[in-house]
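A.B. asks:
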Amino acid sequence: MRKLSYFIAASIDGFIGDPDGDAEFFTQYVDEEFFGFLTSEYPETLPTHGRQPLGIDELENKRFDTIIQGRASYDLALGIGVTSPYAHLRQYVASHTLKESPDPAVEIVSGDVAAKVRELKAEEGELGIYLCGGSRLAGELRDEVDELVIKTYPLILGSGLPMFTSPFRLDRFTLGSVRTFGNGVTVRTYGRER
Ligand SMILES: NC(=O)c1ccc[n+]([C@@H]2O[C@H](COP(=O)([O-])OP(=O)(O)OC[C@H]3O[C@@H](n4cnc5c(N)ncnc54)[C@H](OP(=O)(O)O)[C@@H]3O)[C@@H](O)[C@H]2O)c1
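Remember, this note's numbering sits 16 above the position in the sequence shown when you count from 1.
(1) Leaving out the 5 sequence neighbours to the left and right, which residues in its chain are closer than 7 Å to glycine 141 when beta-carbon positions are compared?
(2) Could you check which residue in Ala25, Tyr45, Glu40 and Leu75 has the C-alpha nearest to that of glycine 198?
(3) With distances taken Cα to Cα, identify the nearest neighbour of glycine 176 among Ser117, Phe23, Pro183 and Gly150.
(4) Quick check: is any heavy atom of ligand 1 less than 6 Å from the C-beta of glycine 86?
(5) Note down the Cα distance separating threonine 202 from leucine 191, rounded to an integer number of angstroms.
(6) Can you have a look at lysine 78 and say buried or exposed, based on whether 16 or more other CB atoms are within 10 angstroms of its CB?
(7) Taking 7 Å as the limit between beta carbons, can you name the residues of its chain near serine 117, skipping five residues before and five after?
(8) Cα separation between arginine 210 and alanine 130?
(9) Just to confirm before moving on: does the CB-CB distance between valine 109 and arginine 134 stay below 7 Å?
(10) What is the residue span of the beta strand (DSSP E) that phenylalanine 23 lies within?
(11) So within the stretch 35-79, which uninterrupted alpha helix (DSSP H) runs reach at least 4 residues, ignoring any that extend past its ends?
(12) Where does the unbroken beta strand (DSSP E) through glutamate 156 begin, and where does it stop?
(13) Taking only heavy atoms of ligand 1 into account, decide whether any of them is closer than 6 Å to the Cβ of leucine 94.
(14) Going by the CB atoms, is the gap between phenylalanine 180 and alanine 154 shorter than 7 Å?
(15) Is the separation between the beta-carbon of leucine 20 and that of leucine 147 shorter than 7 Å?
(16) With a threshold of 6 Å (Cβ to nearest heavy atom), would isoleucine 24 be considered close to ligand 1?
(17) Taking the DSSP output, what are the residues bridged to isoleucine 145?
(18) Give me the Cα-Cα distance between aspartate 34 and leucine 62, rounded to the nearest whole angstrom.
(19) By Cβ distance, which residues of its chain are closer than 6 Å to arginine 67, with the 5 residues on each side in sequence left out?
(20) Beta carbon of serine 21: closer than 6 Å to some heavy atom of ligand 1?
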């Protein structure tokens, strides 16, 4: 069974963006050491338009071969004229309003998105599915998340976009690994207790 992994940047107090959804400020922490970690451990999480100028677009996918994101997250790419932001992955965008995909490489999921994820998980293959965000889609897919990979940046936001927009409930996870970086960033992985 393939895993759905929520790989996400967050503040210390657990927000993935400011109250308007902006998350650009996290990128100030991508220094040489942290960039080295991302390119060696999670190269496929870097978008195509970020990989190409750095000459790293040929890096092999290590953990994921598929990505799913919410329409609002995909809008960030569309806003800069990019219709296929993760060309090295199979791309799905959840949306009820996008009637037609802006790009042949991107499939719109308008029906039962959790059922679609279960279908993808049931496929054969070594690599998993990258849940990119945002908060609303993660809330919808909360039950399907098997792994969390949380990049925590040394910032407090006070309010903003939560990691999951969903009702209160206790879901238990087991800590897998912790990596710390010189700039104060940590990356923790957790597996869901089933
Ligand atoms: N910190 C990070 O690592 C990170 C990563 C990704 C994104 N973000 C931030 O997250 C923000 C966006 O998050 P968000 O929570 O506002 O939105 P989102 O989850 O990206 O997108 C929400 C949209 O997804 C679609 N959707 C969600 N559930 C659906 C379902 N069950 N079936 C069909 N469509 C569904 C709907 O699109 P329609 O309205 O078209 O129906 C909904 O309006 C971005 O601004 C970005 O900055 C942060």
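We treat Cβ as the ideally placed atom computed from N, Cα and C, and that holds for glycine. These figures come from a predicted structure and were not determined experimentally.
C.D. replies: The structure says:
(1) Around glycine 141: Arg18 and Asp81.
(2) Looking from the CA of glycine 198, the closest CA among Ala25, Tyr45, Glu40 and Leu75 belongs to Tyr45.
(3) If we check each option's Cα against that of glycine 176, Gly150 comes out closest.
(4) Glycine 86: yes, Cβ under 6 Å from ligand 1.
(5) Rounded to whole angstroms, threonine 202 to leucine 191 spans 13 Å at the Cα level.
(6) Its Cβ having fewer than 16 others within 10 Å, lysine 78 is exposed.
(7) Residues Glu123 and Ile124 of the same chain have their beta carbon placed closer than 7 Å to that of serine 117, with the five preceding and five following residues left out of the count.
(8) Cα to Cα, arginine 210 sits roughly 17 Å from alanine 130.
(9) Not closer than 7 Å, so no.
(10) Segment 20-27, the beta strand (DSSP E) holding phenylalanine 23.
(11) Whole alpha helix (DSSP H) segments, 4+ residues: 48-57 and 64-70.
(12) Judged by DSSP secondary structure, glutamate 156 falls outside any beta strand (DSSP E) and instead within the alpha helix (DSSP H) spanning 151-156.
(13) No; taking the cut-off as 6 Å, the Cβ of leucine 94 has no heavy atom of ligand 1 nearer than that.
(14) Yes, these two residues count as a Cβ contact at 7 Å.
(15) A contact, by the Cβ cut-off of 7 Å.
(16) Yes, ligand 1 has a heavy atom inside 6 Å of this Cβ.
(17) Paired residue(s): Leu20 and Thr82.
(18) Going by the C-alpha atoms only, they are around 21 Å apart.
(19) Around arginine 67: Asp73.
(20) If you check the C-beta of serine 21 against ligand 1, you find no heavy atom less than 6 Å away.
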